[in-house]
Amino acid sequence: MPARTVKAPLRGLKFPGRELSRAVANRKNGIEPHLALVAVQIIFGTWPIVGKVALRALPSTGLVAIRVAGAAAAFFLLLRLRGRLVIPRRSDLARLALYSLLGVVLNQFLYVKGLALSTAVNAALLSTTIPVFTLLVSTFLGYEKFTTRAAVGTLVAAAGVVYLIDPLRADFSGDKTIGNFLLVANTVAYGAYIAVSQDVFRRYGALAAMTWVFLFGCLACVPVGGYYLSQVPPQPLGWTIWLAVAYIILVPTVGAYYLNAWALERVAPSTVAVYIYLQPLVAFAVAPLVLGASERWGMRNWVAAAFIFAGVAIVTLRSRSRVMEEVAEHPDAL
3 MPARTVKAPL
13 RGLKFPGREL
23 SRAVANRKNG
33 IEPHLALVAV
43 QIIFGTWPIV
53 GKVALRALPS
63 TGLVAIRVAG
73 AAAAFFLLLR
83 LRGRLVIPRR
93 SDLARLALYS
103 LLGVVLNQFL
113 YVKGLALSTA
123 VNAALLSTTI
133 PVFTLLVSTF
143 LGYEKFTTRA
153 AVGTLVAAAG
163 VVYLIDPLRA
173 DFSGDKTIGN
183 FLLVANTVAY
193 GAYIAVSQDV
203 FRRYGALAAM
213 TWVFLFGCLA
223 CVPVGGYYLS
233 QVPPQPLGWT
243 IWLAVAYIIL
253 VPTVGAYYLN
263 AWALERVAPS
273 TVAVYIYLQP
283 LVAFAVAPLV
293 LGASERWGMR
303 NWVAAAFIFA
313 GVAIVTLRSR
323 SRVMEEVAEH
333 PDAL
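Going by my numbering, the sequence shown opens with residue 3, and the numbers climb by one from there.
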């Protein structure tokens with residue numbers, strides 16, 4: 003089957019298809035793609051930390067509304083700058099609405115609310131299970147075979163999640179426990195989104211599909227978030243909050259997606275996916291410095307991280323499966 007190329011999210015960028023490794027095998031790649039991938043992971047690794055700063059003054063639903071609306075506007079502007087506004091076929095509108103429900107509405111509401119109740123470290127750690135849920139959904143839909151390797155990796159990662167949450171001793175009236183469960187639910191929703199959305203993304207191109215997914219997301223996120231923002235007593239927001247909001251909209255959304263797309267044109271998806279594991283490490287290192295002692299690691303965090311990293315590595319590393327391409331094309335997957 004010949005290689006397929008989809009429309010790039012930005013001018014001059016191309017998203018290769020499943021035979022990417024063959025296409026890049028003959029290229030002499032310098033260090034630039036790897037530096038770009040490191041920058042992408044640093045950007046996404048700092049998102050939960052900056053998000054916690056913004057949540058000091060904004061309700062979680064309000065922050066979701068601002069981010070989704072800002073991202074939709076940014077993607078739409080980029081699409082217009084390319085001079086091509088793609089109108090999906092009527093048969094694809096329902097699919098895009100479903101993908102928006104999974105990848106934007108549920109993903110954003112669950113993640114940001116979980117982040118507000120839990121810690122940035124836990125959010126980054128639990129997000130590493132997204133490739134596992136992507137594999138499980140892909141297997142259920144018949145895209146992947148559920149091998150012994152996948153089963154072992156899933157069980158190991160699940161053991162780490164269970165140990166971190168500690169359901170036997172969990173206080174379900176406590177904010178952190180509820181936040182952790184919301185973060186796990188977020189990984190399920192986003193893993194499902196990655197698994198089912200690739201066909202439309204490849205046919206329309208990443209930027210066009212992403213634009214419509216976020217536009218559909220605005221229909222739910224903006225009214226709900228706007229209502230909760232209206233309930234907040236009017237008060238001037240400090241410059242720190244405004245900078246955090248601007249960073250959340252522009253840097254993890256536009257800058258990171260551009261760099262990831264540029265790098266994905268030059269290196270294999272498996273390489274991109276391996277770099278994604280830097281994201282939680284960035285959060286682990288920076289969160290205590292920015293947010294204080296509440297983000298410091300305890301022994302439970304270290305043990306859970308060991309199990310989760312091991313499980314995800316068993317599932318994904320050295321794999322040439324469809325999941326690797328899917329995770330690579332969604333740099334915010336972790």
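Don't be surprised by glycine CBs; every beta carbon is placed ideally from N, CA and C.
In terms of Cα proximity to A38, the closest of Y259, G294, R302 is Y259. Three or more Cβ pairs closer than 8 angstroms define a contact, and the segment 223 to 236 falls short of that threshold against the segment 129 to 147. In this chain, the alpha helix (DSSP H) harbouring R92 covers 92 to 102. Taking 4 residues as the shortest admissible run, the segment 163 to 227 contains the following complete alpha helix (DSSP H) segments, listed from N- to C-terminal end: 177 to 198, 200 to 206.
Under the three-state reduction of DSSP output, V88 falls in the coil class, being neither helix nor strand. Excluding residues up to 5 positions away in sequence, G53, S62, L65, V66 lie with their Cβ nearer than 7 angstroms to the Cβ of V114 in the same chain. Between Y195 and G300, the C-beta spacing is not below 9 angstroms. Selection M212, K178, A152, A287 evaluated against A312 yields A152 as nearest (Cα-Cα).
P282 counts as buried, since no fewer than 16 other beta carbons sit within 10 angstroms of its beta carbon. Taking C-beta atoms as the reference points, N182 and N124 count as a pair closer than 9 angstroms.
The beta carbon of V88 is closer than 6 angstroms to those of Y206, A210 in its chain, skipping five residues each way along the sequence. The shortest CA-to-CA distance from A75 to any of C220, G32, L112, A59 is the one to C220. Inter-residue distance for I180 and V154 is about 27 angstroms (C-alpha atoms, whole angstroms).
Straight through space, the alpha carbons of T156 and A306 are spaced by roughly 14 angstroms.
Less than 9 angstroms separates the beta-carbon of L112 from that of L184. A residue is called buried once 16 or more other Cβ atoms fall within 10 Å of its Cβ, and S232, having fewer, is exposed. For V163 and G294, the gap between their C-alpha atoms comes out near 24 angstroms. Inclusion of A126 and A285 in the CB contact set at 9 angstroms is warranted, their separation being smaller than that value. In this structure, V215 sits near Y101, with a CB-CB distance shorter than 9 angstroms.
Note that the C-beta distance between Y279 and A315 is below 9 angstroms. For a cut-off of 8 angstroms, the C-beta gap from L81 to T213 is around 5 angstroms, short enough to register as a contact.
Going by C-alpha positions, G85 is about 26 angstroms away from I68. F46 and Y165 do not touch by the CB rule: their CB atoms are close to 25 angstroms apart, not below 8 angstroms.
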